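In terms of my numbering, the sequence shown opens at residue 10 and continues consecutively.
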Amino acid sequence: MSWTAIADVAAAACLVIGALLTLIAAIGILRFPDLLTRMHSATKPQVLGLLVVLVGLGLRLRDPVEDIPWIHGFADSGPAALHVTW
């Protein structure tokens, strides 16, 4: 098995895991009863899911260095933006 095939499998796994985390965040927003638990559900798995998707994208495109500013921006702005709107 070549390194490109291993990177493709790792990228596919990261994309699926990130999509599942984002789905879990959406379900949590709909199911939790009060505002604070909905905010927790909206920020924690959503940001982690996005980071995993960006890592998978970096593996698939074979240039993960280009994803570093995106990862840094989303990890810093996601939870802070939700707390500002609260």
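Note that beta-carbon positions come from the ideal geometry of N, C-alpha and C, so glycine has one too.
In this text, all values refer to a predicted model and were calculated from it rather than measured experimentally.
Assuming residue i and residue j form a contact by the criterion Cβ under 8 Å, report the distance between their Cβ atoms to the nearest whole angstrom.
i	j	result
Cys-23	Val-56	Their Cβ separation, rounded to whole angstroms, is 15 Å, which puts Cys-23 and Val-56 out of contact at 8 Å.
Gly-27	Gly-82	With 8 Å as the limit, Gly-27 and Gly-82 do not qualify as a contact, their Cβ atoms being about 16 Å apart.
Leaving aside the five residues before and after residue i along the sequence, list all residues of the same chain whose C-beta is less than 7 Å from its C-beta, in chain order.
i	result
Phe-34	Per the sequence shown, the amino acid found at residue 34 is Ala instead of Phe. Closer than 7 Å at the Cβ level, and outside the excluded window around Ala-34, lie Ser-50, Ala-51, Pro-54, Gln-55, Gly-58.
Please classify residue i as buried or exposed, where buried requires at least 16 neighbouring CB atoms within 10 angstroms.
i	result
Leu-60	buried
Ala-21	exposed
Tell me which residues share the same chain as residue i and place their Cβ nearer than 8 Å to its Cβ, disregarding the 5 neighbours each side in the sequence.
i	result
Leu-30	Pro-54, Gln-55, Leu-57, Gly-58, Val-61
Ser-11	none
Ordered along the chain, which non-local residues of its own chain (more than five positions away) have a Cβ less than 6 Å from that of residue i?
i	result
Thr-13	none
Ala-16	Leu-68
Three or more C-beta pairs below 8 Å linking the region 38–46 and the region 64–72: The region 38–46 vs the region 64–72: no contact.
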